[in-house]
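Working notes, beginning with the structure itself.
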Amino acid sequence: MSKKDNKNQDLKSNYKLWFEREGEYIFGPGACAILKAIHQEGTITKGAQVLGMSYRYAWGVIKKIEKKLGIQLVETYKGGTVGGGGAR
């Protein structure tokens with residue numbers, strides 16, 4: 002195989018996806034990761050911990066998106082399986 006053929010094997014496609022409304026950035030991969038972690042872990046605290054971020058930071062991202070969209074993305078509730086609370 003020639004060096005020219007080998008260079009083509011290193012070629013990979015990539016993309017970034019984000020959501021906008023009227024040209025204003027709403028959210029992208031980072032916020033999606035937060036929402037996914039919350040869904041998988043069942044709480045904002047555990048979701049944030051899995052991603053190595055603080056609860057306060059994750060909560061702030063969620064609230065900022067909710068304000069821009071005008072909808073609630075995460076439903077919180079009191080009294081999880083061991084007290085405290087949860088999120089869905």
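Residues in the sequence shown are numbered from 2 upward in steps of one, following my numbering. Note that CB positions come from ideal geometry on N, CA and C, so glycine has one too.
- Cβ contact annotation for Phe28 (same chain, cutoff 6 angstroms, sequence separation greater than five): Phe20, Ile66, in chain order.
- Inter-residue distance for Gly71 and Gln50 is about 27 angstroms (C-alpha atoms, whole angstroms).
- Following the DSSP letters along the chain, one finds Ile72 in no alpha helix (DSSP H), marked with neither H nor E.
- Judged by DSSP in its simplified three-state form, Lys79 adopts strand.
- When DSSP states are grouped into helix, strand and coil, Tyr58 belongs to the helix group.
- Contact between Ala38 and Gly31 does not hold, since their C-beta atoms are separated by about 11 angstroms, which reaches or exceeds 8 angstroms.
- Burial of Leu36 is indicated by the presence of at least 16 other C-beta atoms within 10 angstroms of its C-beta.
- DSSP places Glu42 in the helix class (H, G or I) of the three-state scheme.
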